[in-house]
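To start, the structure itself, in structure tokens.
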Amino acid sequence: MGLAYLLNIEFLAAFRIGEILDSRYEILSSHGSGVFSTVVRARDRRAGRGDPEEVAIKIIRNNETM
């Protein structure tokens, strides 16, 4: 696991295994969640040679909803 990619969304953890985020990241599993964020394991479908294929993505709540 290398990259941590942050996404601002208005709700917490509304995702499905297999869902594609940003036309790039395929969600493989959930690693955990807290009050303000969720971390998922994903596959970078655009990873080049030498780049990590699996990444951790932290999905955080939109500041306006906190």
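Counting in my numbering, the sequence shown runs from 552 upward without gaps. All C-beta atoms, glycine included, are put in the ideal place defined by N, C-alpha and C.
message: What would DSSP say about residue 586, mapped onto helix, strand or coil?
response: coil
query: Between the C-alpha atoms of residue 570 and residue 600, what's the straight-line distance to the nearest angstrom?
result: 23 angstroms
- request: List the DSSP bridge partners of residue 594.
  value: 577, 605
query: Whose C-alpha, out of 584, 586, 592, is nearest the C-alpha of residue 577?
result: 592
- prompt: When the Cα atoms are used, what is the spatial distance from residue 612 to residue 596?
  reply: 24 angstroms
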